[in-house]
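The structure under discussion appears below in the form of structure tokens.
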């Protein structure tokens, strides 16, 4: 080895686990909250979202339903999804008020997803629980970050369109056939997933333009 080679700086090592803090926090909170939910007298049913109650002015469930889950398999799937797809979205919003916007984005996706489900099933008394709508919001947003190298791809980019079609196909198969682990006997709210996805894929456009960490890169259109 030459003297110049010995003195050349070594490239920085990649961290084995470098997920952003907020997606990690959200993912870690899910099993903790479910552990507490199992110890409630009613297993948290009173905090679930019931569409028919929405028209009676009960809006609380739109938010609190995101804190509940239907089983450990349900918790695990959503925690993994929040971490995997929340990471690129959180990295896009690293500067300034971006972290706060990330949290608000996640909450808004879940609320809009539940509301969309309520509009499709306005008279349903079946309780809706889970953070799947919020997670699908992250999936929708992350879909426009694939291959974007720090920027939001245009909504009608071929890569975005193909990935969106694939996600909706999987969502329909899981929802209509019921292939989700741990969902035996339970109705899967695929409509809420779809609404959350659409919210995420649309909202990330303007949000990416306002709060993107890499402002030197062009931002895709709506």
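In UniProt numbering, the protein residues as written are 1 to 222. Don't be surprised by glycine CBs; every beta carbon is placed ideally from N, CA and C.
With contacts defined as CB atoms closer than 8 angstroms, residue 68 and residue 130 qualify as a contacting pair. A straight line joining the alpha-carbon of residue 153 with that of residue 20 spans about 21 angstroms.
Relative to the Cα of residue 78, the nearest Cα in the group 163, 114 and 135 belongs to 135.
Rounded to the nearest whole angstrom, the CA to CA distance from residue 123 to residue 51 is 6 angstroms. Nearest neighbour of residue 81 by Cα position, chosen from 28, 204, 149 and 35, turns out to be 28. For residue 72, the uninterrupted alpha helix (DSSP H) run begins and ends at 72 to 92, by DSSP. Beta-carbon to beta-carbon, residue 49 and residue 33 are separated by about 16 angstroms, too far to satisfy the 8 angstroms threshold. Between residue 116 and residue 191, the beta carbon gap of about 7 angstroms places them in contact (Cβ cut-off 8 angstroms).
Judged by beta-carbon spacing, residue 166 lies beyond the 8 angstroms limit of residue 89, meaning their Cβ atoms are not closer than that value. Beta-bridge partners assigned by DSSP to residue 49: 128. In this structure, residue 139 sits away from residue 102, with a CB-CB distance that is not shorter than 8 angstroms.
For residue 46, the number of other beta carbons within 10 angstroms of its own is below 16, and it is reported as exposed. Closest in alpha carbon position to residue 204, among 22, 93 and 38, is 93. Rounded to whole angstroms, the separation of the alpha carbons of residue 189 and residue 43 is 20 angstroms.
Just so you know, the alpha carbons of residue 66 and residue 197 end up roughly 15 angstroms apart.
Under the three-state reduction of DSSP, residue 41 is assigned to coil, being neither helix nor strand. The Cβ atoms of residue 195 and residue 113 lie closer than 8 angstroms to each other.
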